[in-house]
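Engineer:
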Amino acid sequence: MKAPCQLIAFFLIALASCGSTRTSNSFTPVPVEPSATVAPLEIEPKTDSLAVTKTPKQAAKKNLGPFKVALLLPLNIGPGEYKLDDVFADYYEGVLMGLDSLKKLGMEVIVTVYDTKNDTAAVKKITWKKELEESDVIIGPTFKNGHTMLSKYVKAREIALVSPFSNANMWTDSNHYSMYCTPDDKSYAAALAAHIAKHHPNANLVLVNDNSKEDKDFLWRFKVAARELGLEKWKDVTYQKGSDILPQLQKGDGDTNIIITPTSNEKTAQLLLTNLKNDGGSHVNLLFTLESWLNFKNTNYQTYELWEQNHLHILTHYFADDYAKDVIAFKAAYKERFATIPSDFAFRGFDHIVAMGILFMNGKGDNLAESAEEMEVKGLHNTFKFRFNGRALENRSVNIIEFSEYRFQRINK
Numbered sequence: 094m095k096a097p098c099q100l101i102a103f104f105l106i107a108l109a110s111c112g113s114t115r116t117s118n119s120f121t122p123v124p125v126e127p128s129a130t131v132a133p134l135e136i137e138p139k140t141d142s143l144a145v146t147k148t149p150k151q152a153a154k155k156n157l158g159p160f161k162v163a164l165l166l167p168l169n170i171g172p173g174e175y176k177l178d179d180v181f182a183d184y185y186e187g188v189l190m191g192l193d194s195l196k197k198l199g200m201e202v203i204v205t206v207y208d209t210k211n212d213t214a215a216v217k218k219i220t221w222k223k224e225l226e227e228s229d230v231i232i233g234p235t236f237k238n239g240h241t242m243l244s245k246y247v248k249a250r251e252i253a254l255v256s257p258f259s260n261a262n263m264w265t266d267s268n269h270y271s272m273y274c275t276p277d278d279k280s281y282a283a284a285l286a287a288h289i290a291k292h293h294p295n296a297n298l299v300l301v302n303d304n305s306k307e308d309k310d311f312l313w314r315f316k317v318a319a320r321e322l323g324l325e326k327w328k329d330v331t332y333q334k335g336s337d338i339l340p341q342l343q344k345g346d347g348d349t350n351i352i353i354t355p356t357s358n359e360k361t362a363q364l365l366l367t368n369l370k371n372d373g374g375s376h377v378n379l380l381f382t383l384e385s386w387l388n389f390k391n392t393n394y395q396t397y398e399l400w401e402q403n404h405l406h407i408l409t410h411y412f413a414d415d416y417a418k419d420v421i422a423f424k425a426a427y428k429e430r431f432a433t434i435p436s437d438f439a440f441r442g443f444d445h446i447v448a449m450g451i452l453f454m455n456g457k458g459d460n461l462a463e464s465a466e467e468m469e470v471k472g473l474h475n476t477f478k479f480r481f482n483g484r485a486l487e488n489r490s491v492n493i494i495e496f497s498e499y500r501f502q503r504i505n506k
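Just so we're on the same page, the numbering used here is the position in the sequence shown counted from 1, plus 93.
1) Per DSSP, what kind of secondary structure is residue 252 in: helix, strand or coil?
2) Check residue 406 in the structure and name its three-state DSSP category.
3) Nearest-angstrom Cα distance between residue 232 and residue 206?
4) Between the Cα of residue 359 and those of 200, 387, 371, spot the shortest distance and give me the residue it belongs to.
5) Go ahead and label residue 433 buried or exposed: buried means 16 or more other beta carbons lie within 10 angstroms of its beta carbon, across all protein chains shown.
6) Kindly provide the ranges of any alpha helix (DSSP H) runs that are 4 or more residues long and lie completely inside the region 287-334, ordered along the chain.
7) Out of 382, 441, 461, which one is the CA nearest neighbour of residue 186?
8) Quick check for students: name the residue ranges of the beta strand (DSSP E) that lie wholly in the region 405-477, counting only runs of 3 or more.
9) Beta-carbon within less than 8 Å of residue 338's beta-carbon, same chain only, minus the 5 sequence neighbours each way: which residues are those?
10) Express the C-alpha separation of residue 450 and residue 245 in angstroms, rounding to a whole number.
11) Taking the Cβ atom as the reference point for each residue, do residue 204 and residue 162 lie within a distance shorter than 8 Å?
12) For a quick check, are the C-beta atoms of residue 270 and residue 252 less than 8 Å apart?
13) Between which two residues does the beta strand (DSSP E) carrying residue 492 extend?
14) Roughly how many whole angstroms lie between the Cα atoms of residue 460 and residue 485?
15) Does residue 270 come out as helix, strand or coil in the three-state DSSP assignment?
16) Report the residue ranges of all alpha helix (DSSP H) runs contained in full by the region 374-402; include only those spanning at least 4 residues, in chain order.
17) Compute the Euclidean distance between the alpha carbons of residue 213 and residue 239, then round it to the nearest angstrom.
18) Drop a sphere of 10 angstroms on the beta-carbon of residue 318, count the other beta-carbons inside from all chains shown, and report buried for 16 or more, exposed for fewer.
19) DSSP on residue 183, reduced to helix/strand/coil?
20) For a quick check, are the C-beta atoms of residue 406 and residue 380 less than 8 Å apart?
21) Residue range of the alpha helix (DSSP H) that residue 359 falls in?
22) According to DSSP, is residue 502 helix, strand or coil?
23) Mind reading off the beta-carbon distance from residue 297 to residue 342? Whole number of angstroms is fine, and I expect it under 8 Å.
24) Could you check if residue 489 is buried or exposed, using at least 16 other CB atoms within 10 Å of its CB as the buried criterion?
25) Cα-Cα, which of 363, 479, 159 is closest to residue 200?
26) Taking its Cβ as the centre, do 16 or more other Cβ atoms sit within 10 Å of residue 194, making it buried, or is it exposed?
27) Can you name, in chain order, every residue of its own chain whose Cβ lies under 6 Å from the Cβ of residue 165, other than the five neighbours on each side?
28) If you run the structure through DSSP and keep just helix, strand and coil, what is residue 349?
29) So what's residue 195 in DSSP terms, helix, strand or just coil?
30) Let's see if you can read the secondary structure: which residues bound the alpha helix (DSSP H) around residue 213?
31) DSSP three-state call for residue 339: helix, strand or coil?
32) Going by DSSP in three states, residue 284 sits in which element: helix, strand or coil?
33) Taking the alpha carbon of residue 398 as the reference point, which residue from 293, 500, 350, 188 has its own alpha carbon closest?
34) Judging by CA-CA distance, which residue of 202, 242, 431 is the nearest neighbour of residue 217?
35) List the endpoints of the continuous beta strand (DSSP E) containing residue 161.
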């Protein structure tokens with residue numbers, strides 16, 4: 094039986110205000126407290142701890158040692174200051190916020206930060222360091238194939254290895270200690286099929302591709318998942334300039350058309366929306382797509398009108414609801430501490446470190462990877478529901494958000 098979900102949002106009451114200096118491309122970490130600091134960003138790792146008193150509840154549960162985290166980030170250290178790419182500076186700041194929350198839960202946390210320099214040779218040198226072997230979890234490296242480099246290392250030492258940004262699509266070596274926070278395409282397709290089978294089993298399905306291999310591959314995965322859930326009928330459309338999707342729609346009273354397109358081509362997306370603009374009647378069109386649409390550059394009020402008209406749904410592993418109380422609280426605490434608003438990567442840093450801490454604290458054994466499949470942890474931007482896919486432990490939780498009342502809202506809470 095699964096343990097109940099642990100809500101990261103509850104920890105926001107524990108967030109403390111601490112100082113830090115931040116400019117557009119530089120970041121200088123300072124102590125979280127006068128008596129306890131997080132490891133500075135150095136090439137040669139320096140280890141410090143957040144020394145706190147365990148709560149009676151935790152101490153009674155099991156005699157846990159300190160939670161040891163190795164954070165592998167690409168740092169560009171200049172003379173006299175620490176310089177990071179904004180993405181990783183934001184991520185690190187989110188981690189600092191998460192450490193405060195774990196501390197308030199009564200955890201002793203030791204964080205060591207290593208500079209990977211975005212270079213395989215640097216990562217190899219890091220693996221020579223004895224203290225890395227003592228980690229409970231390694232978060233990173235963040236560059237492509239960085240996970241593959243450390244696969245045998247963590248497997249031999251039974252250390253959880255967390256990929257914060259990439260998914261398991263490229264994974265080839267089976268490793269139960271490797272954890273991916275981002276779902277792969279198969280999980281996206283399965284989540285979409287499950288949603289349609291549950292809420293719209295009798296809808297007219299129109300599967301639209303832009304003639305790319307990526308589109309066709311995703312729709313093939315969707316069909317496999319749909320068949321397993323009893324969905325058997327759909328219409329395939331290759332959509333390009335001059336195409337017309339309207340003849341594929343059912344237009345009777347009460348009919349529902351579900352149009353699925355995984356295209357990441359903004360021009361194709363705009364052509365499709367313009368085509369649907371000419372549709373009318375008492376039927377309902379629901380348009381489902383993927384998170385690449387959130388990054389389109391040429392959106393305007395007319396675009397939003399079409400999104401609203403066609404009930405745009407987007408599948409994404411990342412969604413922090415600006416109207417949610419826990420998100421509002423996190424933003425306020427982050428702004429007070431860092432004098433800026435948190436980016437998506439700050440949310441990720443917070444969620445990742447707290448989720449791993451919860452798995453460590455509440456798991457059945459000392460290794461958090463062994464407990465990951467038995468727990469679900471709800472974060473600010475996604476839920477962490479790790480399942481072994483034959484290659485690695487993959488987070489299979491996917492948000493489905495709908496553009497309604499001119500803002501995105503999560504519908505699969």
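All C-beta atoms in this analysis are idealised placements derived from N, C-alpha and C, irrespective of residue type, glycine included.
Structural biologist: On the basis of the supplied data:
1) By 1-based counting over the sequence shown, the position of residue 252 is 159. Coil.
2) As a first step, residue 406 must be located in the sequence shown, where it is residue number 313. Strand at residue 406.
3) Here the question's residue 232 lines up with position 139 in the sequence shown. Here the question's residue 206 lines up with position 113 in the sequence shown. In a straight line, the C-alpha of residue 232 is about 10 Å away from that of residue 206.
4) The sequence position of residue 359 within the sequence shown is 266, counting from 1. Closest by alpha carbon: 387.
5) Taking the sequence shown and counting its residues from 1, the one referred to as residue 433 is at position 340. The residue in question, residue 433, is exposed, as its Cβ has fewer than 16 Cβ neighbours within 10 Å.
6) 306-321
7) Here residue 186 corresponds to residue number 93 of the sequence shown, with the count starting at 1. Closest option to residue 186, Cα to Cα, is 441.
8) 406-409
9) Counting from 1 along the sequence shown, the entry for residue 338 is found at position 245. Excluding sequence neighbours, residue 338 sits near 299, 301, 330, 332, 352, 365, 368, 369.
10) As a first step, residue 245 must be located in the sequence shown, where it is residue number 152. As a first step, residue 450 must be located in the sequence shown, where it is residue number 357. Taking the straight line joining both Cα atoms gives about 23 Å.
11) For the purposes of this step, residue 204 is taken as the residue at position 111 of the sequence shown. For the purposes of this step, residue 162 is taken as the residue at position 69 of the sequence shown. In contact: residue 204 and residue 162 (Cβ atoms closer than 8 Å).
12) Residue numbering aside, residue 270 sits at position 177 when the sequence shown is read from its first letter. Residue numbering aside, residue 252 sits at position 159 when the sequence shown is read from its first letter. The answer is yes: Cβ separation under 8 Å.
13) Residue 492 sits at position 399 when you count from the first residue of the sequence shown. Taken as a continuous stretch (DSSP letters only), the beta strand (DSSP E) holding residue 492 covers 492-497.
14) Indexing the sequence shown from 1 puts residue 460 at position 367. Indexing the sequence shown from 1 puts residue 485 at position 392. Computed Cα separation, rounded: 15 Å.
15) The residue given as residue 270 occupies position 177 in the sequence shown. Residue state, collapsed to three classes: coil.
16) 394-402
17) In the sequence shown, residue 213 corresponds to position 120, counting from 1. In the sequence shown, residue 239 corresponds to position 146, counting from 1. One C-alpha to the other measures close to 7 Å.
18) Here residue 318 refers to the residue found at position 225 of the sequence shown. So residue 318 counts as buried.
19) Counted from its first residue, the sequence shown places residue 183 at position 90. Helix, per DSSP.
20) Along the sequence shown, read from residue 1 onward, the residue named residue 406 stands at position 313. Along the sequence shown, read from residue 1 onward, the residue named residue 380 stands at position 287. Yes. Within cutoff.
21) Locating residue 359 in the sequence shown gives position 266, counting from the first residue. It spans 359-370 - the alpha helix (DSSP H) in which residue 359 sits, taken as one unbroken run.
22) Position 409 of the sequence shown holds residue 502. Three-state DSSP puts residue 502 in a strand.
23) As a first step, residue 297 is located in the sequence shown; it is residue number 204 there, counting from the start. As a first step, residue 342 is located in the sequence shown; it is residue number 249 there, counting from the start. Right, their Cβ atoms sit about 7 Å apart.
24) As a position in the sequence shown, residue 489 is number 396, starting the count at 1. Buried.
25) By one-based count along the sequence shown, residue 200 stands at place 107. Per the Cα distances, 159.
26) On the sequence shown, position 101 is the one that residue 194 refers to. The residue is buried, with at least 16 neighbouring Cβ atoms inside 10 Å.
27) What you label residue 165 is simply residue 72 of the sequence shown in a count that begins at 1. Excluding sequence neighbours, residue 165 sits near 207, 209, 233, 234.
28) To locate residue 349, count along the sequence shown from 1; it is residue 256. Here residue 349 sits in strand by DSSP.
29) Within the sequence shown, numbered from 1, the residue matching residue 195 stands at position 102. Here residue 195 sits in helix by DSSP.
30) Here residue 213 refers to the residue found at position 120 of the sequence shown. Segment 213-219, the alpha helix (DSSP H) holding residue 213.
31) Residue mapping note: residue 339 aligns to position 246 of the sequence shown, counting from 1. In the structure shown, residue 339 sits in a helix (DSSP, three-state: H, G or I).
32) On the sequence shown, residue 284 is found 191 positions in, with the first residue counted as 1. It is helical.
33) In the sequence shown, counting from the first residue as 1, residue 398 sits at position 305. Among 293, 500, 350, 188, the Cα nearest to that of residue 398 belongs to 500.
34) Your numbering for residue 217 matches position 124 in the sequence shown. Selected option, being the one with the closest Cα: 242.
35) Start at 1 with the first residue of the sequence shown, and residue 161 comes out as number 68. Where residue 161 is concerned, the enclosing beta strand (DSSP E) stretches over 160-166.
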